[in-house]
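Reading through the structure tokens given below for one structure.
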Amino acid sequence: MLDDLSAALAPHGLAVTGAFHPGPEDGAPDGCGTLCLVGARGDAMWSAFAASPEARDGEADPLDRWSRRVLEAVATGLDARALFPFGGPPYAPFLNWGQRAESARPSPVGMLVSPSRGLWISWRGAIALPGREDLDAPDARDPCIGCDAPCLSACPVGAMGAGQAYDVPACVAYIKAAEGTECRDRGCQVRRVCPAGREAAPPASQCAFHMASFLARHSRPG
Ligand code: B12
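Right under this line is the structure:
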């Protein structure tokens, strides 16, 4: 079933980034035997999304709407259920699932970090399979061991740092201002500086898209 899932995701530039067998405390849907997290497969997701109707229809939240359409179709074909990190509150506990399913752990700045994707780790959704699939053990390396933690000083306005909550207003104010071009066009400097994820950095156009939608969300009235 996992092979079928990977095959169904591949044409959309998506892949299973990790999976686990949820217990009652994990907040997975009833009857779920294996919960599979889904994320981008290299740059392929961005090309697939860019060619979709959602990318061009001018309506709000195109990437979320594309993720929902694609993953719901994949889930239906496998008698499974699709779940999404967006659309709340309440929000599905993706940060907990990430730590169970793959080697994602809190970084010095609070965001999750993984050995293969660094701070670029993020998900487009999850697929709840009914059966209990055989799973490989996740990569147990901690990418922060032996690292000088450049993430701690990379934000020009200190919106993320050691033992502090993410200062969203400071981040938004800087990105909006003229000085924020670097973050706006190439993506969050904290995420970019992480040595673990350099090769996993999304294309600049994708980083700019995320920053633009982040800003739009924080500029809506109310
Ligand atoms: C709300 C939310 C936000 C809010 C945070 C509000 C706040 N802190 O005050 C905003 C909109 C600011 C945000 C921003 C980002 N987020 Co966010 N966010 C979420 C979301 C949808 C829900 C979290 C939530 O409220 N949970 C419920 C509460 C009760 O649980 P909680 O553990 O207390 O939740 C807190 C953390 O999730 C934290 N948080 C959320 N995002 C981020 C980002 C950073 C940098 C930090 C330090 C903390 C943080 O803020 C929440 C409220 O305090 C989750 C998806 C999910 N389902 O979890 C993604 C999620 C946590 N975010 C994610 C990401 C990637 C980001 C961004 C880095 C990129 C982006 N999506 O544009 C940006 C940051 C901007 C940048 N510098 O690039 C990823 C996780 C990445 C990781 N490596 O850990 C998630 C899982 C989404 C996904 N698709 O995978 N986010």
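Residue numbers for the sequence shown follow full-length UniProt numbering, beginning at 1 and rising by one.
Where a beta carbon is used, it is the ideal one built from N, C-alpha and C, also for glycine.
- [ ] For the beta strand (DSSP E) holding isoleucine 127, just list the boundary residues, first then last.
- [x] Note, isoleucine 127: beta strand (DSSP E), 125-129.
Open item on the list: Suppose the cutoff is 6 Å on Cβ atoms and the five residues either side in sequence are ignored; what does the same chain contact list for aspartate 139 look like?
Closed with: For aspartate 139, where only same-chain residues beyond five positions count, the Cβ hits under 6 Å are Ser103 and Pro115.
TODO: At 3 residues or longer, and completely inside the segment 76-127: list those beta strand (DSSP E) runs for me, N to C.
DONE: Whole beta strand (DSSP E) segments, 3+ residues: 81-83.
Task: Bridge-paired residues (DSSP) for phenylalanine 20 - done: Leu35, per the DSSP bridge assignment.
Task: Proximal residues to proline 43 (C-beta, below 6 Å), its chain only, five neighbours per side dropped - done: At residue 43 the sequence reads aspartate, which differs from the proline that was named. Residues of the same chain with a CB within less than 6 Å of the CB of aspartate 43, apart from the 5 flanking positions on each side, are Pro203 in chain order.
Open item on the list: On the CB-based measure, 16 or more other CB atoms within 10 Å of its CB, does tyrosine 91 come out buried or exposed?
Closed with: Per the 10 Å Cβ criterion, exposed.
Open item on the list: Please state the DSSP three-state secondary structure of alanine 216.
Closed with: DSSP places alanine 216 in helix when its eight states are reduced to three.
Task: Inter-residue spacing [alpha-carbon to alpha-carbon] between aspartate 185 and cysteine 171 - done: Counting only the Cα atoms, cysteine 171 lies some 15 Å from aspartate 185.
TODO: With DSSP as the reference, label alanine 201 as helix, strand or coil.
DONE: Alanine 201: coil per DSSP, three-state reduction.
Open item on the list: Could you check whether the Cβ of histidine 12 sits closer than 7 Å to any heavy atom belonging to ligand 1?
Closed with: Because no heavy atom of ligand 1 lies under 7 Å away, the Cβ of histidine 12 does not count as near it: no.
Task: DSSP-derived helix/strand/coil call for alanine 165 - done: The answer is coil: DSSP assigns alanine 165 none of H, G, I, E or B.
TODO: With DSSP collapsed to three states, give me the class of glycine 158.
DONE: Under the three-state reduction of DSSP, glycine 158 is assigned to coil, being neither helix nor strand.
Open item on the list: Please state whether the Cβ-Cβ distance between arginine 198 and glycine 118 is less than 8 Å.
Closed with: For arginine 198 and glycine 118, yes; Cβs fall inside 8 Å.
Open item on the list: Which same chain residues end up closer than 8 Å to tyrosine 174 when comparing Cβ atoms and leaving out the 5 residues on each side of it in sequence?
Closed with: The beta carbon of tyrosine 174 lies closer than 8 Å to those of Pro156, Val157, Ala159, Gly180 and Cys183 in the same chain, with the five residues before and after it left out.
Task: Beta-carbon contacts of leucine 5 that lie in its chain and below 8 Å, excluding the five residues immediately before and after - done: Only Val16, Cys36, Val74, Leu78, Ala80, Ile127 and Leu129 meet the Cβ criterion.
- [ ] Please check the pair residue 242 and glutamine 189, which I expect to be a contact at CB under 8 Å, by giving their CB distance rounded to whole angstroms.
- [x] Residue numbering for the chain in the displayed model covers 1 to 222; residue 242 lies beyond these limits and cannot be assessed.
Task: Identity of the residue in Ala200, Met45, Lys176 and Cys194 nearest serine 219 by Cα - done: Per the C-alpha coordinates, the member of Ala200, Met45, Lys176 and Cys194 positioned closest to serine 219 is Lys176.
Open item on the list: Quick check on this structure: which residue in Phe20, His12 and Met1 has the alpha carbon closest to the alpha carbon of alanine 137?
Closed with: Alanine 137 has its Cα closest to that of Phe20, out of Phe20, His12 and Met1.
Open item on the list: Buried or exposed for serine 47, going by 16 or more other Cβ atoms inside 10 Å?
Closed with: Burial check for serine 47: the Cβ neighbour count within 10 Å stays below 16, so the residue is exposed.
- [ ] Give the range of the alpha helix (DSSP H) segment to which isoleucine 44 is assigned.
- [x] At residue 44 the sequence reads alanine, which differs from the isoleucine that was named. Its alpha helix (DSSP H) spans residues 44-50.
- [ ] Please confirm whether any heavy atom of ligand 1 lies closer than 7 Å to the CB of proline 85.
- [x] In this structure, proline 85 has its CB closer than 7 Å to one or more heavy atoms of ligand 1.
Task: Identity of the residue in Ala7, Leu63 and Ala10 nearest methionine 211 by Cα - done: Ranking the options by Cα distance to methionine 211, first place goes to Leu63.
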